[in-house]
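A quick write-up on the structure given underneath.
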Amino acid sequence: MNTQDTPVHLRLWHRDFWCLSMANMLISMVVYGQIFMVQTIAESAHIHQDIVVKSWGAYGLGLFVLGVFVSYLVQRYKRRRVCLIAMTGMAAAIGGTAFVTSVPMEMRELLFLGARFAVGMLFGLAQMVLSSTLVIDISESYQRTEANYVVAWFGRLAMALGPFATIMIHKFFGSEVLIWTLVALGILAVVLVHAVNFPFRMPSDNIKLFSLDRFLLLKSWMLFVNLFLVSVAVGIVLALHWNDAFFFAAIMVGFLLAIWAEKIVFANAELMSEAIAGLLLLGFAILMLWSGQDISGITSAICVGLGAGLLGSRFLLFFIKLRDHCQRGTSQSSCFLSWESGMALGLFIGVGGCCNAASSCYGGDHRQGVLLIALAFVIVALAMYVGFTHKWYMKHKNR
């Protein structure tokens, strides 16, 4: 029987591993905290809603810009230094948004979009170096799968922690404190990475400027598309609750339940059961939100966290086991890009007004129409996984 197994090695949890895990959580909190922050800044700076929508498109495009240079950068320069520069640049780009109201109106939108593009570009670089290189460097060979799994969970928890923290900070301290708090989190991530000692690596003799190494695993295209569909649906749901702190707190509860379920409920279950359960939970949550049965939104939010947590971690392990020799880092980056680009598109759809036509077709409001779009993505993802992806993965996996 094909079952999942994630062993636990206590020796994995050393000081350097803790530093990188927390750094990953902090920079992810900075990025996901912008679900609330960009809307707030746009309102205070009188930036049109269309620009807010485009800013998520700019962020999504930025994620891919430096990918082809990652392999060159980590071989030509010190790997830690590349990550530190990317994280510092992220903090600077976010800090720059604090001055958006100080520039003439005709320049505000350009500065706003530029900052969002820079955040996507530098976050993509930082994450690809952190997950595809630095975490692997400090882990023993037999612990690397678990290390990638755990570090990814730290980043996943930030999907709820980031928006929750920014909403509460804004409520009690205002917009300016919110921006500089995110900058401080980014700087703290820089300090944590700087504190880690990395083993010396000899640079390669033949370094290519452009490479897909540590960027995209082309053979994982079906996993990429399937996870992308899932994350679009999650992004739409998050966009519709951008200012609801309790919704994000309930998502955190769902994430914690997902961690427990992976260790207890799905420990010896059929391999495909975890992904199917996650998709069904996500679809059920969207149906509850669409029908209005879950008035408080708490139950549906827990289901979103539980479903997204199960799917995110299961697909990560799929990516890892699909790789060939020396492609672990590339599989990590591919999984990251699939999830984050899907989230960006989901936030683009949820924030924007692109679904008005769908809403009117069903006689509902804009919110209901957007939720129907999210549900359609989940249904397609479920059909794709059951009909094609799982069989394809079992045929092509190498581990």
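Per this note's numbering, residue 14 is the first one in the sequence shown, and the count goes up by one each step.
Every residue gets a Cβ at the ideal spot worked out from N, C-alpha and C, and that includes glycine.
Nearest residue (CA-CA) to residue i, options the options
i, options, result
"C96", "L135, L251, T158", "L135"
"G365", "G320, A58, W69, L25", "W69"
"M103", "F279, L240, Q47", "Q47"
"L198", "H379, A387, A36", "A36"
"S188", "I333, Q306, V393, M50", "M50"
"S233", "T53, M38, L25, K408", "K408"
"V81", "L33, S351, L138, A314", "L138"
"R94", "V203, S224, A128", "V203"
"G75", "L350, A394, G359", "L350"
"S347", "A258, L222, N411, D226", "D226"
"G267", "L323, R92, Y90, F186", "L323"
"T101", "I40, F297, R341, L25", "I40"
"A160", "W26, Q140, G109", "W26"
"R89", "I362, R24, N219", "N219"
"V87", "K67, L222, L330", "L222"
"Q340", "R214, F211, L230, A298", "L230"
"K404", "M285, P212, M172, R92", "M285"
"A252", "Y398, A394, L384", "L384"
"I311", "I362, F213, V250", "V250"
Rounded Cβ spacing between residue i and residue j (contact assumed at less than 8 Å)
i, j, result
"D29", "I200", "Incorrect: roughly 19 Å between the Cβ atoms, too far for contact."
"V132", "A106", "5 Å"
"E275", "S326", "6 Å"
"G127", "M38", "Not a contact, Cβ separation roughly 26 Å."
"Q306", "S145", "Wrong, their Cβ atoms sit about 42 Å apart, outside the cutoff."
"Y162", "L292", "Actually they are not in contact, since the Cβ atoms of Y162 and L292 sit about 20 Å apart, beyond 8 Å."
"G355", "L174", "G355 to L174, Cβ: 20 Å. No contact."
"Y155", "A288", "Contact flag wrong, Cβ pair sits at about 25 Å."
"I299", "L360", "Rounded, the Cβ-Cβ distance is 16 Å, inconsistent with contact."
"A258", "F177", "5 Å"
Residues of its chain near residue i, where Cβ-Cβ distance is below 7 Å and the 5 sequence neighbours each way are ignored
i, result
"I60", "R121, E122, F125"
"F390", "L242, V245, A246"
"F237", "S347, S351"
"N256", "F49, I180"
"F331", "L236, Y406"
"S217", "Q88"
"T158", "I333"
"A290", "L323"
One or two residues paired with residue i in a DSSP bridge
i, result
"E153", "Answer is none; E153 lacks a bridge partner."
"E189", "Answer is none; E189 lacks a bridge partner."
Same chain, Cβ closer than 8 Å to residue i, five either side skipped, listed in chain order
i, result
"A396", "none"
"L33", "L143, L147, V148, I151, V164, L205, V206, V209"
"L270", "I315, G318, L319, G322"
"R92", "V142, T146, L147, D150, F211, R214"
DSSP three-state assignment for residue i, whether helix, strand or coil
i, result
"D29", "helix"
"N239", "helix"
"S351", "helix"
"K334", "helix"
"Q340", "coil"
"R89", "helix"
"D63", "helix"
"R227", "coil"
"R327", "helix"
"R214", "coil"
"G376", "In this predicted model, G376 has a pLDDT of only 42, less than 50, meaning its place in the structure is not dependable; the value taken from the coordinates is given anyway. Looking at G376 - three-state DSSP - the assignment turns out to be coil, as it is neither helix nor strand."
"P117", "coil"
"K221", "coil"
"V148", "helix"
"H183", "helix"
"I48", "helix"
"Q306", "coil"
"V209", "coil"
"N6", "No answer is possible for residue 6: it lies beyond the span of the chain, which begins at 14 and ends at 412."
"N411", "coil"
"I277", "coil"
"G365", "coil"
"L79", "coil"
"A314", "helix"
"A58", "coil"
Chain-order list of residues whose beta-carbon lies under 6 Å from that of residue i (same chain, five-residue window excluded)
i, result
"L195", "V43, G46, I107"
"A111", "I192"
"A422", "Residue numbering for the chain in the displayed model covers 14 to 412; residue 422 lies beyond these limits and cannot be assessed."
"A321", "V247"
"H254", "F260"
"L357", "Just to set this straight, residue 357 is Ala in the shown sequence, not Leu. So the qualifying residues of the chain are W69, Y72, G73."
"G318", "I264, G267, F268"
"V83", "M141, R227, F228"
"L170", "F268"
"M235", "T402, W405"
"G296", "V391"
"R129", "S68, A71, Y72"
"H114", "First, the amino acid is wrong: residue 114 is Thr here, not His. Here the set comprises A58."
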